[in-house]
Amino acid sequence: MSLFITFEGGEGSGKSSQARALYRRLNTLAIAALLTHEPGVTRLGKRLTRLLKWAKDTDISPAAELLLFNASRAQLIAEVVKPALAEGKIVVCDRYYDSTTAYQGYGRGLDMNAVKAANATGSLGLKPSLTILLDIPVEEGLARKKGSKDRFEQEDIAFHNRVREGYLKLAKDEPQRWLVIDSRQSKTKIAQIIWQRVTELIKKR
Ligand code: TMP
Numbered sequence: 008m009s010l011f012i013t014f015e016g017g018e019g020s021g022k023s024s025q026a027r028a029l030y031r032r033l034n035t036l037a038i039a040a041l042l043t044h045e046p047g048v049t050r051l052g053k054r055l056t057r058l059l060k061w062a063k064d065t066d067i068s069p070a071a072e073l074l075l076f077n078a079s080r081a082q083l084i085a086e087v088v089k090p091a092l093a094e095g096k097i098v099v100c101d102r103y104y105d106s107t108t109a110y111q112g113y114g115r116g117l118d119m120n121a122v123k124a125a126n127a128t129g130s131l132g133l134k135p136s137l138t139i140l141l142d143i144p145v146e147e148g149l150a151r152k153k154g155s156k157d158r159f160e161q162e163d164i165a166f167h168n169r170v171r172e173g174y175l176k177l178a179k180d181e182p183q184r185w186l187v188i189d190s191r192q193s194k195t196k197i198a199q200i201i202w203q204r205v206t207e208l209i210k211k212r
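The structure is reproduced here in structure tokens:
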């Protein structure tokens, strides 16, 4: 019963902890699942993440950023995601190509046709069955972040607002695939909403 479920959201939206919670719940019920995240995980992905999130002495143009995220994605899909789906697992992925549309497309302002083409190549054509958006006002999300700031967290509020609006537009354009959740609710409540939708999907399979 393979399913591909992705989590999306801006900085401090709590999507990673909800992705983990969903994975743990599936595990507890002995439902075969895999938790992964973008960028990173593969050896190539880890190298690219270091650059994409932390490069200080290396300029990365918006178009280069678009292609590097998709290079990392192509490797992850081929090496990790597709094999797990082929084994019938539910794959829970923390960020996917909608992050690229939101950050590089809406945030950086790259041409959307270029973003779509790069995402199509990077994803090897794999589309999520469900995408969960944890939505939070930008200032609140950024305030939740502790520690040193990566290249994206250092961007100004206007950038993060474009990302947030971009996500909401994507969700509105494709309501069957997206579940939008107000991230200011309690963690337990959010997990409950997610679980309800996931069980509906599992039953349909
Ligand atoms: P995270 O591991 O905290 O989610 O950080 C990943 C950062 O990379 C986050 O700021 C969003 C950004 N990002 C993009 O800009 N485009 C992408 O395609 C992906 C996957 C992430």
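Whatever position you read off the sequence shown (first residue = 1), add 7 for the numbering used here.
Quick reminder that beta carbons are idealized off the backbone N, C-alpha and C, glycines included.
Model, not experiment: these values are computed from the prediction.
Which listed residue (the options) has its alpha carbon closest to that of residue i
i, options, result
"Arg-184", "Lys-60, Ser-155, Ala-28 and Ser-136", "Ser-136"
"Glu-18", "Leu-177, Gly-154, Met-119 and Ala-70", "Gly-154"
"Asp-189", "Leu-42, Leu-140, Asp-105 and Leu-29", "Leu-140"
"Ser-9", "Ala-26, Ser-23 and Leu-33", "Leu-33"
"Phe-76", "Val-145, Ile-38 and His-44", "His-44"
"Arg-31", "Thr-128, Trp-202 and Gly-16", "Trp-202"
"Lys-22", "Ser-106, Glu-94 and Asn-126", "Ser-106"
"Pro-144", "Arg-171, Leu-92 and Lys-63", "Arg-171"
"Gly-114", "Leu-83, Ala-125, Ile-164 and Ser-24", "Ile-164"
"Asp-64", "Leu-74, Arg-158 and Val-88", "Arg-158"
"Ser-20", "Leu-149, Glu-181 and Asp-66", "Leu-149"
"Arg-151", "Arg-191, Ala-39 and Ala-91", "Arg-191"
"Val-87", "Gly-16, Gly-52, Ala-125 and Leu-175", "Gly-52"
"Asp-101", "Leu-175, Thr-138, Lys-211 and Leu-208", "Thr-138"
"Leu-208", "Ser-193, Glu-160, Lys-196 and Leu-186", "Leu-186"
"Tyr-93", "Lys-211, Ser-24, Thr-128 and Ala-39", "The question names Tyr, yet the displayed sequence has Ala at residue 93. Measuring from the Cα of Ala-93, the nearest candidate turns out to be Ala-39."
beta-carbon residue i near the ligand TMP non-hydrogen atom, thresh 7 Å
i, result
"Lys-179", "no"
"Gln-111", "yes"
"Arg-102", "yes"
"Ser-155", "no"
"Pro-46", "yes"
"Ser-24", "no"
"Ser-136", "no"
"Glu-18", "yes"
"Lys-123", "no"
"Thr-43", "no"
"Phe-76", "yes"
"Thr-13", "no"
"Leu-59", "yes"
"Thr-49", "no"
"Phe-166", "no"
"Thr-65", "no"
"Ser-130", "no"
Beta-bridge pairing of residue i - partner residues as DSSP gives them
i, result
"Glu-15", "Leu-140"
"Asp-101", "Phe-14 and His-44"
C-beta atoms of residue i and residue j nearer than 8 Å
i, j, result
"Pro-46", "Gln-111", "no"
"Val-98", "Ile-12", "yes"
"Phe-14", "Ala-26", "yes"
"Leu-83", "Thr-56", "no"
"Arg-80", "Ser-130", "yes"
"Leu-117", "Leu-73", "yes"
"Thr-108", "Asn-126", "yes"
"Lys-89", "Leu-41", "no"
Residue-level contact to chain C via CB, residue i, 8 Å cutoff
i, result
"Thr-43", "Looking for chain C here will not work: only one protein chain is present."
Quick one: which unbroken beta strand (DSSP E) runs of 3-plus residues sit fully inside the stretch 161-196? Chain order, please.
-> 185-189
What alpha helix (DSSP H) runs, 4 residues minimum, are completely inside the stretch 103-138?
-> 104-107 and 119-129
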